[in-house]
Amino acid sequence: MAKKIAKSLRRPLPAKAAPVQPEKPRATVTVTDNRTGKSFDLPVIDAVIGPSVIDVRKLYGDHDFFTYDPGFTSTGSCESKITFIDGEAGVLLHRGYPIQELAERSTFLEVCYLLLQGELPTRTQIEVFRHDITHHTMLHEQIATFYRGFRRDAHPMAVMVGVVGALSAFYHDSTDIQDPHQRVVASHRLIAKMPTIAAMAYKYSTGQPFIYPRNDLGYAENFLRMTFAVPAEEYKISPAVARAIDRIFILHADHEQNASTSTVRIAGSSGANPFACVAAGIASLWGPAHGGANEAVLAMLREIGDKKRIPEFIKRAKDKNDSFRLMGFGHRVYKNHDPRASVLRQSCHDVLDSLGIRHEPLLDLAMELERIALEDDYFVERKLFPNVDFYSGIILQAIGFPTSMFTVLFAVARTVGWVAHWNEMIEDPAQRIGRPRQLYTGHLPRRYVPMGKRG
Ligand code: SDX
Numbered sequence: 000m001a002k003k004i005a006k007s008l009r010r011p012l013p014a015k016a017a018p019v020q021p022e023k024p025r026a027t028v029t030v031t032d033n034r035t036g037k038s039f040d041l042p043v044i045d046a047v048i049g050p051s052v053i054d055v056r057k058l059y060g061d062h063d064f065f066t067y068d069p070g071f072t073s074t075g076s077c078e079s080k081i082t083f084i085d086g087e088a089g090v091l092l093h094r095g096y097p098i099q100e101l102a103e104r105s106t107f108l109e110v111c112y113l114l115l116q117g118e119l120p121t122r123t124q125i126e127v128f129r130h131d132i133t134h135h136t137m138l139h140e141q142i143a144t145f146y147r148g149f150r151r152d153a154h155p156m157a158v159m160v161g162v163v164g165a166l167s168a169f170y171h172d173s174t175d176i177q178d179p180h181q182r183v184v185a186s187h188r189l190i191a192k193m194p195t196i197a198a199m200a201y202k203y204s205t206g207q208p209f210i211y212p213r214n215d216l217g218y219a220e221n222f223l224r225m226t227f228a229v230p231a232e233e234y235k236i237s238p239a240v241a242r243a244i245d246r247i248f249i250l251h252a253d254h255e256q257n258a259s260t261s262t263v264r265i266a267g268s269s270g271a272n273p274f275a276c277v278a279a280g281i282a283s284l285w286g287p288a289h290g291g292a293n294e295a296v297l298a299m300l301r302e303i304g305d306k307k308r309i310p311e312f313i314k315r316a317k318d319k320n321d322s323f324r325l326m327g328f329g330h331r332v333y334k335n336h337d338p339r340a341s342v343l344r345q346s347c348h349d350v351l352d353s354l355g356i357r358h359e360p361l362l363d364l365a366m367e368l369e370r371i372a373l374e375d376d377y378f379v380e381r382k383l384f385p386n387v388d389f390y391s392g393i394i395l396q397a398i399g400f401p402t403s404m405f406t407v408l409f410a411v412a413r414t415v416g417w418v419a420h421w422n423e424m425i426e427d428p429a430q431r432i433g434r435p436r437q438l439y440t441g442h443l444p445r446r447y448v449p450m451g452k453r454g
């Protein structure tokens, strides 16, 4: 009976939404080309909250102009209902719910349901969802052989890119992106299998045997046990550590149109299967300017080593001729504070207390670095504050993760954000293949020069 209820309650992601008619343009902006004196209007579309957009979809066709915005600082790539960020106010909402409330009161799986379905689940809905995710945590046994092809000292993010990309070779029954049911199965498989793949990457690097998932454990508990348990003894899960990991996953779950999510969207816009799209997202997240920053923060703190050396590194961070940047500082969108950093700073203290770590020199160093930087005009003027990556590494290191696994955990958490945006992109009637144009500043047309006549 339970199975029948479960089956009947399992809701595929919303079928293709009825074409969302863009809001009637409330206003227009007028563009005047002072070379010709010609003017034309462009429609403005209002957001529910946040900046309105200038709809430039017809700009090239009607007026032969491209827009120009390297890094997309002022460009909206899509319409989305999933996450809202107000960078000035330090606000982060997932389907309207503030991140602080979700981190405090929700669980990662509940946030996954919220991001995917748009509403917090009822008791029955979360039970069905949890059952689905739990029963997708195992991998096809042959996937284990992929790991043996890597060097033991391969960076685990390289393993993640390779193994996740290979999933489409095993799960053909969930690669038809036009089938809503297959999209649900692929989304659930990715959310469920990422912790297993990540834990196996860690185990492979240590030479220890892979640990299978267990269906009687929660999402964070399962991941901790697959990562740190050994067959030789029972693994005792610390509830405080499991709660900290679950909270870290919540804080990293989604973040609007960041680099890796935009990568997943543009890969998906060509019709690529979800496993390939998420592998592309993992590759993008790996960069030190993005998700790789948490690993880079620990390397930076270790390089600084002592509070006395902080001024030397602050000076380097301000020196335009020095490529050094304060890792874990600054953000493209947050210009006040990253609300996730505030939650993580508190979590640092809670986790260290629960682990009985009275004195963590790296945390002391990080907090002194934050204090000094936030009193320095250079950082204040440029609104450079600690971001989500500044404190997460200290917690993960205290729990026992090697630095190389920090971005892997970020990828495990962000998978739900990637698949939520991937689904929203496919269901968006306005969606087309992503194909930006450019400002061309290369050569004018010229004739081919035979080898004998070249310089
Ligand atoms: C994440 O997009 C997201 O939402 C990402 C993320 C998510 O959840 O998906 O939030 C996760 O990626 C967080 C960011 C992690 N990265 C780091 O901590 C790396 C260090 N930070 C920087 O590389 C930088 O701040 C970025 C990449 C985060 C933002 O870069 P921007 O928006 O392109 O800003 P910028 O490089 O144009 O910098 C503006 C100014 C420059 O100085 P000026 O040329 O104006 O004189 O600030 C300076 C920069 O030199 N600056 C820094 C700095 N970050 C910017 N100077 C020293 N140290 C830094 N960290």
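Anchor point for the sequence shown: position 222 equals 221 in numbering that gives the first Met the number 0, and the numbering is continuous, going up by one each time.
Virtual Cβ for every residue (Gly too), placed ideally from N, Cα, C.
Values in this document were obtained by computation on a predicted structure and should not be read as measured data.
Sequence-distant residues of its chain with Cβ nearer than 7 Å to residue i (five each side left out)
i	result
Ile48	Phe83
Ala397	Val350, Leu351, Leu354, Ile356 and Glu359
Ser269	Ile432
Ala292	Met326, Gly327 and Asp388
Tyr234	Arg224, Phe227 and Ala228
Ser51	Val43, Ile44 and Asp45
Extent of the continuous alpha helix (DSSP H) to which residue i belongs
i	result
Phe39	Looking at the DSSP string, Phe39 is not in any alpha helix (DSSP H); the run it does join, the beta strand (DSSP E), is Lys37 to Ile44.
Asp127	For clarity, residue 127 is Val in the given sequence; the question names Asp instead. Arg122 to Thr133 is the span of the alpha helix (DSSP H), which, as asked, contains Val127.
Leu325	Counting along the chain, Leu325 falls outside any alpha helix (DSSP H), and DSSP gives it neither H nor E.
His187	Pro179 to Thr205
Glu302	Ala292 to Ile303
Lys314	Ile309 to Lys317
Val332	Per DSSP, Val332 belongs to no alpha helix (DSSP H) and is neither H nor E.
Ser403	Counting along the chain, Ser403 falls outside any alpha helix (DSSP H), and DSSP gives it neither H nor E.
Ile244	Pro238 to Leu250
Gly161	Pro155 to Ala165
Met366	Pro360 to Ala372
Ile281	Pro273 to Leu284
Phe64	Careful: Phe64 lies outside any alpha helix (DSSP H) and carries neither H nor E.
Val263	Ala258 to Gly267
Asp215	That residue, Asp215, is in no alpha helix (DSSP H); it is neither H nor E in DSSP.
8 Å CB neighbourhood of residue i in its chain, flanking five on each side removed
i	result
Ala252	His93, Phe107, Val110, Cys111, Leu114, Ala412, Arg413, Val415 and Gly416
Pro24	Because the pLDDT at Pro24 is just 49, under 50, the model does not fix this residue reliably, and the point stays unresolved.
Val379	Leu373
Ile247	Leu343, Ser346, Ser391, Ile394, Leu395, Leu408 and Ala412
Asn386	Ala292, Gly327, Phe328, Gly329, His330, Tyr333, Asp337, Arg339 and Ala340
Glu87	Lys334 and Asn335
Ile132	Leu108, Cys111, His187, Ile190, Ala191 and Tyr218
Ala157	Phe149
Extent of the continuous beta strand (DSSP E) to which residue i belongs
i	result
Ile457	This structure does not reach residue 457, given that the chain is present from 0 up to 454, and the question cannot be answered.
Asp32	Ala26 to Asp32
Pairwise C-alpha distance: residue j and residue i
i	j	result
Cys77	His330	21 Å
Gly286	Ile190	22 Å
Leu119	Asp318	47 Å
Leu250	Gln345	13 Å
Arg446	Gly454	15 Å
Gly95	Leu101	11 Å
Glu410	Gly290	Contrary to the premise, residue 410 reads as Ala rather than Glu in this sequence. Computed Cα separation, rounded: 8 Å.
Met137	Pro208	15 Å
Val296	Phe39	48 Å
Leu443	Met299	46 Å
Gln437	Tyr211	48 Å
Met199	Gly280	20 Å
Phe64	Pro428	25 Å
Arg301	Arg315	16 Å
Ile309	Asn320	18 Å
Pro97	Lys80	14 Å
Leu368	His154	28 Å
Ala239	Arg56	50 Å
Gly117	Ile265	22 Å
Val59	Lys37	Here residue 59 turns out to be Tyr, not Val, going by the sequence shown. Going by the C-alpha atoms only, they are around 15 Å apart.
Opposing strand residues paired with residue i [DSSP bridges]
i	result
Ile53	Val43
Val379	According to DSSP, Val379 bridges with nothing at all.
Tyr96	His93
Val229	Glu232
Pro385	Phe328
Same chain only: Cβ atoms within 6 Å of residue i, ignoring 5 sequence neighbours per side
i	result
Ala185	Ser173 and Pro273
Arg10	Low local confidence applies: a pLDDT of 48 at Arg10 is under 50, so the model's placement there is unreliable, and no value is given.
Phe384	His336
Glu255	Thr82 and Ile84
Ala288	none
Lys382	Lys334
Thr262	Ala279, Gly280 and Ser283
Heavy atom of the ligand NAD within 7 Å of residue i beta-carbon
i	result
Asp388	For the ligand NAD, the structure offers nothing, since it holds only the ligand SDX.
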